[in-house]
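So for the sequence shown, the numbering used here puts the first residue at 1; every next one is plus one.
To start, the structure under review is shown below, and the notes come after it.
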Amino acid sequence: MNIPKSHPRYKSLLNREKVVEALDRGILAKAGLIAHGRGETFDYLIGEKTTDIALRAIKAAAAMLVLAENPVISVNGNTVALARDEVVKLAEELNGKIEVNLFYRSEERLRKIKEFFEEDPVIREKIRSGKIKILGVEDGNKQIPNLESARGKVSQEGIYSADVVLVPLEDGDRTEALVKMGKKVISIDLNPLSRTAQRSTVTIVDELTRCLPLLRKYVREYKRLDREELQRIVEGFDNRENLRDMLNHICNRLRNLQFI
Ligand code: PTJ
């Protein structure tokens, strides 16, 4: 569909197109459409902008990623459909590790998602030269303890040995299991009430495609800071307080919204 750039909901419609296309290609789980719709609803309530509250979480997440020894970006169908290129750019600023980890896991979807990365010549070259690694497809043979869902299958080189895992939009059980393993989990989730949001070390309540470029910007900037300064940024952040602020923001907006 040709969406005119002047359309007030251009970005949102473009993202819808991307998820629908990814469904047709077998990259997105069917339930991914429902998850996307839930995200849109929360974004409406938040105001479809990166709030200062989310920005505080983005900064803490960036500092945590720069401090990490072995960070991994976990991707599912929705993340790849919406933000493949941006995920690659962020991974390049870190150690290059991206792991495909699916709730509705099938060998076919794992393969299709890997192929989706590889079909872009620029990304293919980055994979060939070792700048980027797509893990979890052939090497998902380690098990996250106490996690029965298919998300429990992870790569030794990736999520299993990671100290910090970036988890854009997912269901909550894995976050809890990763935190129990002693890992720090940074999640991106528009729903501040979700289990993922509540259990993460740092929760960025913002739309994925809006916050990833910001996260990358701060990662680049923070690489120039010393470790003590980075620690201060991380320690100065309180996730529960941030989530509470976000809920208050939504409540205030609802109270003050007028019909147009
Ligand atoms: O690809 P798979 O097989 O791993 O499956 C992925 C989905 C997303 C289907 C699966 O993890 C799932 O069912 O997730 P949930 O429980 O629906 O949670 C998804 C969360 O992401 C919801 O809280 C949404 O509000 C949120 N969300 C949706 N779209 C976005 C988003 N958050 C940020 N940016 C978005 N674009």
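Beta carbons: idealized from backbone N, C-alpha and C, even for Gly.
Note that the structure is a prediction, hence the values are computed from the model and not measured.
Subject >> Beta-carbon spacing of Leu33, Leu45 below 8 angstroms >> reply: Result no, Cβ atoms of Leu33 and Leu45 do not sit closer than 8 angstroms.
Subject >> Proximity to Glu86 [Cα-Cα], best of Asn101, Met64, Asp120 >> reply: Among Asn101, Met64, Asp120, the Cα nearest to that of Glu86 belongs to Asp120.
Original post:
Can you list, in chain order, the stretches of the beta strand (DSSP E) that have 3 or more residues and sit fully within the region 2-86?
Top reply: The beta strand (DSSP E) runs of length 3 or more contained entirely in the region 2-86 are, from start to end of the chain, 71-75.
Original post:
Taking just the CA atoms, how far does Asn2 sit from Gly236?
Top reply: In this structure, the CA atom of Gly236 is about 45 angstroms from the CA atom of Asn2.
Original post:
So Gly152 and Ile144 are in contact, right, with Cβ under 8 angstroms, and what is the actual spacing, rounded?
Top reply: At roughly 4 angstroms, the Cβ-Cβ gap stays under 8 angstroms, so Gly152 and Ile144 are in contact.
Original post:
Can you check whether the CB of Leu243 is closer than 8 angstroms to the CB of Leu208?
Top reply: Result no, Cβ atoms of Leu208 and Leu243 do not sit closer than 8 angstroms.
Original post:
Just reading off the alpha helix (DSSP H) that Pro213 is part of, what are its end residues?
Top reply: Per DSSP, Pro213 belongs to the alpha helix (DSSP H) from 208-222.
Original post:
Within the present structure, is the beta-carbon of Asn141 separated from the nearest heavy atom of the ligand PTJ by less than 7 angstroms?
Top reply: Answer for Asn141: no, Cβ out of range of the ligand PTJ.
**OP:** Please determine if the region 126-142 and the region 169-189 are in contact, where contact requires at least 3 C-beta pairs separated by less than 8 angstroms.
**Re:** Because the criterion of three Cβ pairs below 8 angstroms is not met, the region 126-142 and the region 169-189 do not touch.
Original post:
Closest by CA to Ala68, which one among Asp163, Arg253, Asn248?
Top reply: Checking every option, the nearest Cα to that of Ala68 belongs to Asp163.
Original post:
Nearest-angstrom Cα distance between Ser161 and Arg232?
Top reply: Ser161 and Arg232 have their C-alpha atoms some 25 angstroms from each other.
Original post:
Can you name, in chain order, every residue of its own chain whose Cβ lies under 7 angstroms from the Cβ of Asn191, other than the five neighbours on each side?
Top reply: Cβ neighbours of Asn191 within its own chain (closer than 7 angstroms, five residues either side excluded): Arg38, Phe42, Ala197.
**OP:** Throw me the rounded Cβ distance for the Leu102 and Leu90 pair, which I believe falls under 8 angstroms.
**Re:** With a Cβ gap of about 20 angstroms, Leu102 and Leu90 do not count as contacting.
Original post:
Any heavy atom of the ligand PTJ closer than 7 angstroms to the CB of Ile188?
Top reply: True, at least one ligand heavy atom lies under 7 angstroms from that Cβ.
Subject >> Own chain, CB closer than 6 angstroms to Arg124, minus 5 neighbours either side, in chain order >> reply: Within the same chain, Arg124 has close Cβ partners Glu118.
Original post:
Would you say the beta carbon of Asn191 comes nearer than 7 angstroms to a heavy atom of the ligand PTJ?
Top reply: True, at least one ligand heavy atom lies under 7 angstroms from that Cβ.
Original post:
Looking at Ser155 and Glu99, is the spacing between their C-beta atoms short of 8 angstroms?
Top reply: Their beta carbons are under 8 angstroms apart, which means Glu99 touches Ser155 by this criterion.
Original post:
Where does Ser129 land, buried or exposed, given buried means 16+ other C-beta within 10 angstroms?
Top reply: Residue burial is scored here from C-beta neighbours: Ser129 has fewer than 16 other C-beta atoms within 10 angstroms and is therefore classed as exposed.
**OP:** Check whether the Cβ of Asp163 lies closer than 7 angstroms to any heavy atom of the ligand PTJ, and answer yes or no.
**Re:** Outside the cutoff, so no.
**OP:** Give a yes or no on whether the C-beta atoms belonging to Glu93 and Arg220 are separated by under 8 angstroms.
**Re:** Yes; because the gap between Cβ atoms is below 8 angstroms, this pair is in contact.
Subject >> Glu99 in three-state terms, based on DSSP >> reply: Residue state, collapsed to three classes: strand.
Original post:
Is Gly152 near the ligand PTJ, going by C-beta to nearest heavy atom under 7 angstroms?
Top reply: The answer is no for Gly152.
**OP:** Would you check if the region 12-27 and the region 78-85 touch, i.e. whether three or more CB-CB distances between them fall below 8 angstroms?
**Re:** The answer is yes - the region 12-27 touches the region 78-85, with three or more Cβ pairs under 8 angstroms.
Original post:
Does the ligand PTJ have even one heavy atom less than 7 angstroms from the beta-carbon of Phe103?
Top reply: Within the chosen limit of 7 angstroms, the ligand PTJ reaches the beta carbon of Phe103 through at least one heavy atom.
Subject >> Closest Cα partner of Thr175 within the set Ala60, Ser194, Ser200 >> reply: For Thr175, the nearest C-alpha among the options comes from Ser200.
**OP:** State the CB to CB distance for the pair Leu270 and Asp173, rounded to an integer number of angstroms; the pair is presumed to be in contact (CB under 8 angstroms).
**Re:** Look at the range of the chain in this structure, 1 to 260, and you will see that residue 270 is not part of it.
Original post:
Can the beta-carbon of Thr50 be found closer than 8 angstroms to that of Asp206?
Top reply: Yes. Within cutoff.
Original post:
Any heavy atom of the ligand PTJ closer than 7 angstroms to the CB of Ala57?
Top reply: Because no heavy atom of the ligand PTJ lies under 7 angstroms away, the Cβ of Ala57 does not count as near it: no.
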